[in-house]
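Written below as structure tokens is the structure these notes are about.
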Amino acid sequence: MDLAAPNMGGESPGPAPAVSPAVSELRLVLLGGSTAGKRAAGNTILGTEEFGRQASTHTLTHTSTETQHSESRQGEVAGRRVTVVETPDWFCSGLSEKDLRQDVGLCVRLSAPGPHAFLLVIPVEPSEGEERMMLEKMEDMFGEGCWGHTLILFTHAEGLRERSVEELLQTGSQELQQLVEKCGNRCHLLRVKDRPSDTKITQLLEKIEEMVSGNRESFYSSETYQEAEKQLREIERRIQKEREVEDRKLMEERERREELDKHVQESLKKMEGEIQQHEGEIRTLNDKTTELERKMEEERDEEKKREMERQLKKEITQKEEMERKLIRVREKRERERREMEERHSEEMEELRESYERETRAEAERNLMKIILPELQKNISITKEKMEGEFNRQMEEKNREMEGLLETVHKLSRLVEEADHQRSLQS
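Per full-length UniProt numbering, the very first residue in the sequence shown carries number 1; after that it's consecutive.
Take a look at the structure:
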């Protein structure tokens, strides 16, 4: 990836560029995954060993040797009053969403009315994936406007091979190059052995002042942070509202399906009883007509024979009427079966569409870039639950269809047996 020439302090022997006039105060926020790296950077800038040695009046109680909450220190550096805020590992730590948001707010308050610069502290030997996490989470925490106030600070510990910024960028990962571009190609190499009187520290402060002078706002204001928070809360509110509407719709659909299924079951049960009743009546009529036909053959009295013929016609008429009723019941049962299958197909399509809508909404939310990781995790869990619910409902509907089809097949066999018996008796 081609990069514009980065703004590097003291890396070339040419004359130093003109910088903006020095400001009387600078508020700096150190961000990064390495607690030791941020601490060393803060100590180097201030020329002290305060970070990690004593508790600040602005910090909460530490529960381990790692920085658990943002803490601030002040000092006089090159004629400027400098406030340095060291943050915990916001990028890769196990901080909960609630703790993360609280600490971001604490950081902004410690640098009130707002930091002049975010310094992304990256060791010259960064851990794998660190830059990618920075890219993903900076906007989540501070909004897109934070990049105009951000500078990358490479830290070089004693004992490591001397490397220039050019070499770091040439050998760095694609994520690092993207990060440098996001920061307007602003970066600086800081050696932990440097002291506030060294030109490297002065060049860093001048570079920050140049960045500040180029911004519409001289510092990242708490109002900017509050606006990012407002956007996040609005998205959370909209997501919650969409979820409630979808849940309510699913509940109503489920109740409607249960009511329809209950009606179908009752209707099929009633039709099964009618079919059995008609089949029994047809068998009785068949027995009667068979008996009358036998008696007619044996009867010699013409008057009685004519009476038997009239009775036989009546029985045949009743049997034909019962057969027509049986046909109508069978047709009704077939219509119910087709309607039930159509409803089942529609319900499955609705479930698929609901799942696809949630998937599309999830993709859109991921693109917004201002949703915190914990919120994204919750949405992912919700998606998995919906997929599991979709699969469960599919299996349940398939089992219902198999049961209903088995019932229909049984009824069809009964009707076929009745038709077969009738044909034999005819």
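Idealized CB from N, CA, C, for every residue including glycine. Values in this document were obtained by computation on a predicted structure and should not be read as measured data.
So what's residue i in DSSP terms, helix, strand or just coil?
| i | result |
| --- | --- |
| R81 | strand |
| F91 | coil |
| G32 | coil |
| A117 | strand |
| G47 | coil |
| R73 | strand |
| N215 | coil |
| A418 | helix |
| K410 | helix |
| S96 | coil |
| A4 | Since pLDDT at A4 reaches only 37, below the 50 mark, its modelled position is unreliable, and no value is offered. |
| G143 | coil |
| D247 | helix |
| D287 | helix |
| D198 | coil |
| residue 510 | Limits of the chain in this structure are 1 at one end and 426 at the other, which puts residue 510 out of reach. |
| V192 | coil |
| Q68 | coil |
| R335 | helix |
| R109 | helix |
| S164 | coil |
In or out: residue i buried (at least 16 other Cβ within 10 Å) or exposed?
| i | result |
| --- | --- |
| I275 | buried |
| R310 | exposed |
| A22 | The pLDDT assigned to A22 is 49, lower than 50, so where the model puts this residue is not dependable, and the model offers no usable value. |
| K304 | exposed |
| S70 | buried |
| H188 | buried |
| H263 | exposed |
| P88 | buried |
| H409 | exposed |
| T150 | buried |
| D247 | exposed |
| D140 | buried |
| Q68 | buried |
| D287 | exposed |
| K98 | exposed |
| I327 | exposed |
| S111 | buried |
| L424 | exposed |
| residue 456 | In the structure as shown, the chain begins at 1 and stops at 426. Residue 456 is therefore absent and cannot be evaluated. |
Out of the options, point me to the one whose CA is closest to residue i's CA.
| i | options | result |
| --- | --- | --- |
| G79 | V212, I45, F91 | I45 |
| L190 | R333, T199, C183 | T199 |
| L176 | T83, C146, G148, R132 | R132 |
| R294 | D89, L312, S221 | L312 |
| N185 | T171, I152, E167, I208 | I152 |
| E334 | R324, E396, M271, E395 | M271 |
| C183 | V212, R256, G33 | V212 |
| K137 | D103, S173, F91 | F91 |
| A41 | D99, L414, I201 | I201 |
| K325 | E281, T407, Q74 | E281 |
| G145 | S221, K207, K241, V77 | S221 |
| M125 | E406, L204, G37, R101 | Note that residue 125 is Glu in the sequence shown, not Met. Minimum Cα distance to E125 is reached at G37. |
| E266 | R399, L404, I208 | L404 |
| M394 | E347, S173, L424 | E347 |
| E323 | R283, E298, V192 | R283 |
| V104 | L31, R254, T317, L424 | L31 |
| M401 | M340, R109, L168 | M340 |
DSSP beta-bridge partners for residue i?
| i | result |
| --- | --- |
| C187 | I152 |
| P123 | T155 |
| L26 | V82 |
Just checking my contact of residue i with residue j at CB under 8 angstroms: how many whole Å lie between their CB atoms?
| i | j | result |
| --- | --- | --- |
| L285 | E307 | Rounded, the Cβ-Cβ distance is 18 angstroms, inconsistent with contact. |
| V29 | F118 | 5 angstroms |
| F219 | P123 | Not confirmed; about 27 angstroms, so no contact. |
| T155 | V121 | 6 angstroms |
| R343 | L260 | 6 angstroms |
| V84 | S72 | 7 angstroms |
| N215 | G143 | Their Cβ separation, rounded to whole angstroms, is 14 angstroms, which puts N215 and G143 out of contact at 8 angstroms. |
| T290 | K319 | Not a contact, Cβ separation roughly 11 angstroms. |
| R39 | E86 | 6 angstroms |
| G75 | G33 | Their Cβ separation, rounded to whole angstroms, is 25 angstroms, which puts G75 and G33 out of contact at 8 angstroms. |
| H116 | I208 | 6 angstroms |
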